[in-house]
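So for the sequence shown, numbering that gives the first Met the number 0 puts the first residue at 0; every next one is plus one.
All residues carry an ideal CB built from backbone N, CA and C; glycine is no exception.
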Amino acid sequence: MIERLAGLLKDRFGRAPRLYIRTYGCQQNVADSQRIRGLMHLYGCEDASDENDADVIVFNTCAVREHAEDRVFGNIGNLKNLKRQRPEAIVAIGGCMVQQQTVADTIRASYPYVDVVFNTNRISALPEQILDLIEKGKRQIVPVCDRYTLNEDAPVLRDGESLRAFLPIMYGCDNFCTYCIVPYVRGRERSRTPEAIEKEFRECVAQGYKDIMLLGQNVNSYGKGLEEDIDFPKLLRRLNAVEGDFVIRFMTSHPKNATKELFDAIADCEKVERHIHLPVQCGSDRVLKAMNRHYTVEEYLGLLDYARSVVPDLYVTSDIIVGFPGETLEEYEETVDLIRRAGFYAIFSFIYSRRPGTPAAEMPDDTPHGVKADRLNALNEVQRLVTAEIEERQIGHRYRGLCIGSAGEGKSVVRLSSNGEVTADGTWPVNEFCTVEVTDYKNRRLFGRIIENA
Ligand code: SAM
Ligand code: SF4
């Protein structure tokens, strides 16, 4: 089939087909796009610099918040002209958004210039759909959620530009937080085998990646359903033992599955960075229950206490949702209070976005959007002070970090174990580790200098 489709594509475009992938949303989508790219390169595709230069245009979409979906629809609309001028161009849409039947139906009915809707949980079917499109002359809009795979048969092709390698260790989510669309569009949790992960991990190291991030919607439930005696802490230890000079990060950890063993593993593994993203979502026990999160505020804080007792230099970041349906002013204030108590290094904060089909979408929500926006701003202001306090404490200290670029005029940007960045005096080879001393904190940025003979 490879030769057949490669030949058809070449004939259609009169050249090696040019591929452009536009990726929305989270790191998981970035990782999926690298598999789509790897797959399409097998069929002779080369990279295009933008949509106008492309023959095959792929949108890898996100559905987590309404705003993301609006952007995608806007950008799909922009392809209308392109298809008018070049009807032979192929437009394919995948990702979480089109895993919703209503969205797939809208595309079928109102966006006739979209040729293919493909299943993000079975990326390897994309070439076959393109083949059918060309041979049968019929649009290929697959039924959603038809089959879930581990995408092992789609070879990964990283862009080589980003210094961080994203490595999925599992797909899907079983948690059904009541606000979240992910379990509906990504399907049930399924873990890759430790062998497949370690193989890809070693390839990343061999390719020169020094910052490798393991990905999953809830990495702490990694291993469920596998025959091997493996869980996430064991996987971390196994990858930490791979020889080479690199660091390991991971995302995302659900607090209900974060165990003492996880923090013990972080403490023991020198290549695992001192940073954990541990989304708490809110600071009210009632709202946490309504969100189906399965922990209380005190349990969460207890977890942080244990984590910091075994990894004293741990940096914790978190996600916060403001304005969950029915959240009162007092409950919002409990979240602000939690932010003061938890000592987060940074947060990603969002206004609740109603996702049709989720339980929370049916809950009464009478707080006006403007009020929620004001609350979000006020909460971010509190976090800004907490972040500033943490970063100011770094002044005068030396850290190991990865040089990730130049900041011009004899300066470098260095990423620390905390995942924070320092603009440092001194030049250093990009993608090499160095020692940096933090000397200042100004305008929400860390400054420092590279220590040449550390
Ligand atoms: N699985 C991860 C977890 O549970 O932390 C993250 C997945 S989700 C893509 C990333 C973040 O988006 C969540 O932690 C949550 O804060 C936010 N999010 C998810 N659904 C949302 C919604 N309906 N409205 C606003 N924010 C949402
Ligand atoms: Fe969504 Fe919750 Fe699963 Fe994260 S754990 S993807 S927030 S359902």
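Distance between residue j and residue i (C-alpha atoms, nearest Å)
| i | j | result |
| --- | --- | --- |
| P89 | L8 | One point to set straight first is that residue 89 is Ile, not Pro, in the sequence displayed. Their Cα atoms are separated by approximately 10 Å. |
| M39 | E45 | 8 Å |
| E380 | I320 | 15 Å |
| I346 | M290 | 18 Å |
| F432 | A124 | 40 Å |
| G43 | P16 | 7 Å |
| I75 | V113 | 8 Å |
| G24 | L132 | 27 Å |
| R237 | R191 | 14 Å |
| A91 | I56 | 6 Å |
| Y147 | R21 | 23 Å |
| G243 | T119 | 33 Å |
| E151 | L375 | 40 Å |
| G473 | H253 | Since the first and last residues shown for the chain are 0 and 453, residue 473 lies out of range. |
| D52 | N77 | 14 Å |
| E226 | D158 | 33 Å |
| S405 | I389 | 25 Å |
| G356 | K255 | 24 Å |
| V116 | L41 | 20 Å |
| K233 | I196 | 13 Å |
| R64 | S32 | 20 Å |
| A266 | V218 | 17 Å |
| D364 | E333 | 19 Å |
| F245 | G447 | 22 Å |
| V385 | A153 | 43 Å |
| N239 | R121 | 30 Å |
| R444 | Q382 | 15 Å |
| R248 | E272 | 6 Å |
| A257 | G282 | 18 Å |
| I211 | V309 | 23 Å |
| V335 | D318 | 13 Å |
| I337 | T327 | First, the residue type needs correcting, since residue 337 is Leu and not Ile in the sequence shown. Distance between the alpha carbons of L337 and T327: 15 Å. |
| E50 | R14 | 16 Å |
| E420 | K410 | 13 Å |
| P126 | V204 | 29 Å |
| V286 | V315 | 22 Å |
| S48 | D54 | 11 Å |
| V241 | K270 | 10 Å |
| E160 | K288 | 42 Å |
Proximity test, Cβ basis, 8 Å: residue i and chain C
| i | result |
| --- | --- |
| I319 | Annotation note: the requested chain C is absent from the structure, which comprises a single protein chain. |
Residue nearest to residue i in terms of C-alpha spacing, selected from the options
| i | options | result |
| --- | --- | --- |
| M96 | F58, L78, F343, L81 | F58 |
| A306 | E333, V116, L261 | L261 |
| P86 | R121, P111, E297, I35 | P111 |
| D263 | R392, P167, E197, L313 | L313 |
| G215 | R21, I140, L277, R138 | L277 |
| F343 | A377, A359, L300, P324 | L300 |
| N452 | G425, P311, D336, E50 | G425 |
| P182 | Q98, N219, I229, K135 | Q98 |
| F323 | D230, V296, F12, T366 | T366 |
| G207 | L401, A406, E436 | L401 |
| V143 | D210, V102, V279 | V102 |
| G136 | R11, V271, N430 | R11 |
| T105 | P126, E68, Q128 | E68 |
| V437 | G409, E391, V429, G407 | E391 |
| R397 | G407, V435, A423, G409 | V435 |
| G224 | G282, R189, A62 | R189 |
| G94 | N28, S109, I140 | N28 |
| R187 | P193, G171, L156 | G171 |
| A341 | G325, I1, G407, E298 | E298 |
| N418 | V429, W427, G407, R399 | R399 |
| F349 | R339, L378, E330, E329 | L378 |
Paired residues, beta bridge with residue i - DSSP
| i | result |
| --- | --- |
| E436 | R397, R448 |
| Y515 | The first residue shown for the chain is 0 and the last is 453, placing residue 515 beyond what the model contains. |
| I346 | S317 |
| H276 | T316 |
| L337 | DSSP output for L337 lists no bridge partner at all. |
| R163 | D210 |
| V169 | The sequence given here places Met at residue 169; Val does not occur at that position. Answer is S190, bridged to M169. |
Entirely within the segment 178-231 and at least 4 residues each: give me those alpha helix (DSSP H) ranges in chain order.
Given a length threshold of 4 residues, each whole run of the alpha helix (DSSP H) inside the segment 178-231 is given here in chain order: 181-185, 193-205.
Exercise for review: Quick one: which unbroken beta strand (DSSP E) runs of 3-plus residues sit fully inside the segment 24-69? Chain order, please.
Suggested key: Those beta strand (DSSP E) runs which fall completely within the segment 24-69 and span 3+ residues are 55-60.
**Prompt:** Where are the alpha helix (DSSP H) runs, 4 residues long or more, that stay fully inside the segment 116-159, in chain order?
**Reply:** For the segment 116-159, the full-length alpha helix (DSSP H) segments reaching 4 residues or more read 125-135 along the chain.
Review point. Counting Cβ pairs, one atom from each stretch, are 3 or more of them under 8 Å apart for the segment 412-421 and the segment 366-375?
Key: no
query = Per the contact definition of three or more C-beta pairs closer than 8 Å, is the segment 186-203 in contact with the segment 154-168?
reply = yes
- prompt: Any contact of the segment 349-362 with the segment 168-179, i.e. 3+ C-beta pairs under 8 Å?
  reply: yes
Which runs of the alpha helix (DSSP H), 4 residues or longer, sit entirely within the segment 248-274? 259-267
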